[in-house]
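**Student:** Here it is: the structure, laid out below.
Numbering (this note's numbering), first residue to last: 3 to 140.
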């Protein structure tokens, strides 16, 4: 079984295991954290691929399906080891993790200008500022 490059691969393993070798395009979301980090996943009903131990795969699959995601592939640790040996160039070391969801360019520009104090005075005019980004993470 090969990883489909068109669907995100979520690596559910702990930090140390992920850093010791992960698929080049993987997104690292350890299983316990995934439950509170749904806002980092693509919009539902996205198709996802999962990598992890049997317990994490079972729990994460049930959780994600319940939240409206589709699971197209589950890769066990044994299968990942086989993949790693067969395709060593696609497995890398380190912390780098693919980001699946980014802020909109408009929101990013606003935050950057706000942080740099580069907004017109009339925009802020001494009022309190609240920004509702409505991420819908859950």
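Glycine residues also receive a C-beta, built at the ideal position from the N, C-alpha and C atoms.
Every value quoted in this text rests on a predicted model; they were computed, and no experiment measured them.
1) Let me make sure I understand the geometry here. Which of 100, 115, 111 has the alpha-carbon closest to that of residue 28?
2) Hey, how far is the Cα of residue 59 from the Cα of residue 40?
3) Relative to the C-alpha of residue 86, which candidate in 20, 70, 16 has its C-alpha closest?
4) Can you tell me the Cβ-Cβ gap for residue 46 and residue 25, rounded? I've got them flagged as a contact below 8 Å.
5) Is it buried or exposed, residue 15, if we count other Cβ atoms within 10 angstroms and call 16 or more buried?
6) At 4 residues or longer, what runs of the alpha helix (DSSP H) sit wholly inside the region 46-101?
7) Using CA atoms only, rank isn't needed, just tell me which of 103, 88, 54 is closest to residue 17.
8) Note down the Cα distance separating residue 140 from residue 37, rounded to an integer number of angstroms.
9) What is the rounded straight-line gap between the Cα of residue 2 and the Cα of residue 119?
10) Cα-Cα, which of 82, 52, 57 is closest to residue 22?
11) Using the rule of at least 16 other Cβ atoms within 10 Å of the residue's Cβ for burial, across every protein chain shown, is residue 13 buried or exposed?
12) Please confirm whether residue 78 and residue 51 have their CB atoms less than 8 Å apart.
**Tutor:** Walking through what the data contain:
1) Proximity to residue 28 across 100, 115, 111 peaks at 100, based on C-alpha coordinates.
2) Each residue's Cα considered, the two are about 16 Å apart.
3) The option with the nearest alpha carbon to residue 86 is 20.
4) Not quite, the Cβ-Cβ distance comes to about 23 Å (not below 8 Å), so this is no contact.
5) Under this definition residue 15 is a buried residue.
6) Qualifying alpha helix (DSSP H) stretches, in chain order: 56-68, 79-88.
7) If we check each option's Cα against that of residue 17, 54 comes out closest.
8) Bear in mind that a pLDDT of 46 at residue 140, under 50, signals an unreliable position, so the number given afterwards is only what the model happens to contain. Between residue 140 and residue 37, the C-alpha separation is close to 9 Å.
9) Coverage of the chain is limited to positions 3 through 140, which leaves residue 2 absent and any answer about it impossible.
10) Comparing Cα-Cα distances from residue 22 to each of 82, 52, 57, the minimum goes to 82.
11) Looking at its Cβ environment, which holds 16 or more other Cβ atoms inside 10 Å, residue 13 is buried.
12) In this structure, the beta-carbon distance from residue 78 to residue 51 does not fall below 8 Å.
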